[in-house]
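Using our numbering, the letters of the sequence shown correspond one by one to residues 205 to 537. For reference, the structure discussed in these notes is given below.
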Amino acid sequence: MVSFKELGLVNTREMFAKAIKGGYAIPAFNFNNMEQLQAIVKACAETKSPVILQVSKGARNYANQTLLRYMAQGAVEYAKELGWEHPQICLHLDHGDSFELCKSCVDFGFSSVMIDASSLPYEENIALTKKVVEYAHKYDVTVEAELGVLAGVEDEVSSAVSHYTKPEEVVDFATRTGCDSLAISIGTSHGAYKFTPEQCTRDPKTGKLVPPPLAFDVLDAIMEKLPGFPIVLHGSSSVPQEYVDMINQYGGKLPDAVGIPEEQLRKAAKSAVCKINIDSDSRLAFTAAVRKVFAEKPGEFDPRKYCGPARDLMEELYKHKIINVLGSDGKAE
Ligand code: G3H
Ligand code: 13P
Ligand code: ZN
């Protein structure tokens with residue numbers, strides 16, 4: 205058993221309280237490899253933004269959970285080396301799907317876990333979430349739960365259609381589970397294809413897809429029922445057109461990829477939404493940069509020469525999100 209406190213990490217409690225009061229959101233960036241983590245830490249150290257480093261079950265399988273945890277510990281030290289005196293870094297399990305997985309992360313130094321039992325019937329979601337909360341809180345680890353179903357593929361959790369969170373359930377759910385934050389479904393979804401072309405309209409000038417708006421009425425109703433309670437948005441990548449275009453220009457094939465417009469995320473960040481999850485945008489930036497190098501320099505075979513530009517582009521993306529979308533810059537001096 206190792207406590208996250210020994211690793212220099214923080215849980216989400218204070219982060220979220222400040223974010224709600226301050227009208228901004230904490231970035232929750234997934235990481236699977238060193239370049240992503242370097243880019244996240246550099247972006248956050250430079251902007252002095254608190255950050256949630258997210259590890260999915262898939263990331264644990266890909267990169268090894270021990271290595272990822274030590275990387276997060278290393279991230280705290282790296283941040284200090286970069287001149288960030290008091291790094292506010294949380295290590296979070298993304299989409300935990302069992303008590304055992306959540307427990308193992310708590311025992312292993314994570315400062316926050318998500319139990320995603322949103323695909324289970326309501327009472328089972330409550331029972332499993334409550335069990336995780338009871339265990340995690342013994343160690344001051346914060347717990348994110350989910351109510352409502354996001355369309356698209358989550359790690360080990362998938363659904364073809366989304367079911368918005370029912371505002372009438374949130375008080376009962378939060379009270380009975382004791383969760384620290386609640387992921388809700390208001391129209392976001394995972395991946396780079398968040399809406400089908402049929403769900404969108406087309407901009408007559410550019411021919412690009414314009415997605416439907418998020419259900420802010422549902423968010424408003426939830427905030428009214430649970431004033432000041434931390435709300436989380438998953439599936440919040442914007443799928444920047446410039447990366448999609450770069451990928452397609454250099455041999456990729458991502459037709460009609462579409463995400464959540466940034467102005468909608470900006471609006472959400474000002475509300476009780478205090479954690480915004482972004483993974484796909486980083487994958488797109490990485491892929492776009494690597495494809496460009498491969499296309500322009502077919503003789504290149506030193507991974508540093510294509511992972512380096514990928515890292516730079518991700519860093520630029522993370523800074524942009526922090527400063528121009530979430531407003532979390534300068535909140536962890
Ligand atoms: O919610 C999904 C995240 O983007 C993690 O994706 O399960 O492929 O690592 P992953
Ligand atoms: P995106 O696929 O929109 O980046 O969402 C990531 C996410 O919700 C991770 O839990
Ligand atoms: Zn998610």
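The beta carbon of each residue, even a glycine, is placed where N, CA and C say it ideally should be.
A straight line joining the alpha-carbon of D384 with that of V462 spans about 31 Å.
Set against 6 Å, the gap from the CB of S260 to the closest heavy atom of the ligand G3H is smaller. From the listed residues G226, K496, E350, the smallest Cα separation to L386 is found for E350. Closest by C-alpha distance to K523, out of V422, A243, G212, L413, is A243. Under the three-state reduction of DSSP, Y368 is assigned to coil, being neither helix nor strand. When C-beta atoms of the segment 462 to 475 are compared with those of the segment 523 to 535, three or more pairs fall below 8 Å, so the two segments count as touching. In this model, M450 and T369 are separated by some 36 Å (Cα to Cα). Excluding residues up to 5 positions away in sequence, A249 lie with their Cβ nearer than 6 Å to the Cβ of W288 in the same chain. Taking a cut-off of 8 Å for Cβ pairs, the segment 473 to 483 and the segment 498 to 513 do not touch, as fewer than three such pairs fall below it.
Set against 6 Å, the gap from the CB of N481 to the closest heavy atom of the ligand ZN is smaller. In the three-state DSSP reduction, I293 falls in the strand class (E or B). Under DSSP, S393 forms a beta bridge with A355.
Look at the segment 255 to 312 and you find these whole runs of beta strand (DSSP E), each 3 residues long or longer: 255 to 260, 293 to 300. Of Y397, Y454, K261, the smallest CA-CA separation from A355 is found for Y397. Using a C-beta cut-off of 8 Å, the segment 423 to 430 makes contact with the segment 371 to 381, since at least three inter-stretch Cβ pairs fall below that distance.
Here L272 has V259, A263, R264 as same chain residues with Cβ atoms under 7 Å from its own Cβ, once five neighbours each way along the sequence are excluded.
Taking non-hydrogen atoms of the ligand G3H into account, the C-beta of N237 is found less than 6 Å away from none of them. Taking all protein chains shown into account, M205 has fewer than 16 neighbouring C-beta atoms within 10 Å of its C-beta and is therefore exposed.
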